[in-house]
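Written out below as structure tokens is the structure these notes cover.
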Amino acid sequence: MAGIAFLNGYSETVLQQVQRLLDDHQLDAYLKKKYPSSHNIVTDALLYDYAMSLKNSYMKKAPPLRRISFDPKISVEHHALGINAHIARGHGGKLKASHEIRIDPVFKHCPELFLRMIVVHELAHLKEREHNKAFYQLCTHIEPDYFQLELDLRLLLLWQSQSNERLY
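If you read the sequence shown in the UniProt record's numbering, its first letter stands for residue 1, the second for the next number, and so on.
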């Protein structure tokens with residue numbers, strides 16, 4: 001199956017269902033029906049407010065964030081949808097740490113649930129750096145449908161890579 005990199009680790013059953021949707025040219029219709037429209041969070045300021053509202057609701061004790069932005073240097077082709085940067089700087093003999101989240105601008109034009117999933121993912125890295133059990137428990141605590149959203153996002157990326165079109 002072409003584009004399998006987006007679906008590494010999924011069961012053979014899931015891969016067969018996806019292949020059927022692709023063969024029948026129905027993957028885009030499936031995604032459009034499930035996620036009919038995109039959101040209006042298109043500026044860094046709106047993204048910051050959106051992410052901070054999630055952080056303040058679910059992770060009040062997590063380290064503060066200095067910046068949250070859409071970063072054109074991040075891209076799906078480089079296997080990154082978002083980056084959680086932990087930056088340590090020396091200043092006057094003291095070490096100051098700051099945290100930034102940078103998100104691929106492709107998320108400016110997608111359903112809000114996909115943006116939420118990637119923001120939740122990056123926020124979870126404030127507490128858990130590795131993709132371990134605790135990390136995914138935190139993700140599903142904040143977004144109970146995290147795993148389904150991740151699969152559907154991967155399906156969208158697969159469809160876009162094969163069709164060279166955008167759905168949203």
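A virtual CB, placed ideally from N, CA and C, is assigned to each residue, including glycine. Keep in mind that this is a model prediction, so the values were computed, not measured.
Terminal residues of the alpha helix (DSSP H) in which residue i lies
| i | result |
| --- | --- |
| I142 | K133 to I142 |
| S161 | Y146 to S163 |
| T13 | E12 to D23 |
| N56 | D44 to Y58 |
| A29 | L27 to K34 |
Where the beta strand (DSSP E) through residue i begins and ends
| i | result |
| --- | --- |
| I118 | Here I118 belongs to no beta strand (DSSP E); instead the alpha helix (DSSP H) covers E112 to A124. |
Residue i to residue j span [Cα, whole Å]
| i | j | result |
| --- | --- | --- |
| Y168 | F107 | 10 angstroms |
| Y136 | H39 | 25 angstroms |
| N84 | L54 | 15 angstroms |
| T43 | D28 | 26 angstroms |
| R20 | T13 | 11 angstroms |
| L149 | I118 | 9 angstroms |
| I41 | K73 | 19 angstroms |
| M1 | Q17 | Interpretation of M1 is limited by its pLDDT of 49, a score under 50 that renders its predicted location unreliable; no figure is taken from the coordinates. |
Beta-ladder partner(s) of residue i, from DSSP
| i | result |
| --- | --- |
| F70 | I103 |
Pair within 9 angstroms by beta-carbon distance, residue i and residue j
| i | j | result |
| --- | --- | --- |
| P63 | H99 | yes |
| A45 | I101 | no |
| Q162 | L22 | yes |
| F70 | D104 | yes |
| I68 | L81 | no |
| H109 | R166 | yes |
Contact the region 107–118 vs the region 150–159: 3+ CB pairs below 8 angstroms:
As far as the Cβ criterion goes, the region 107–118 touches the region 150–159, which means the pair count is three or higher.
I want to know whether the region 28–39 touches the region 4–12 - three or more CB-CB distances under 8 angstroms.
They do not touch, by the three-pair rule.
Touch test, the region 8–15 against the region 115–130, Cβ-Cβ under 8 angstroms, three pairs minimum
no
Would you be able to state if there are at least three C-beta pairs under 8 angstroms between the region 56–70 and the region 118–127?
Enough Cβ pairs lie closer than 8 angstroms, so yes.
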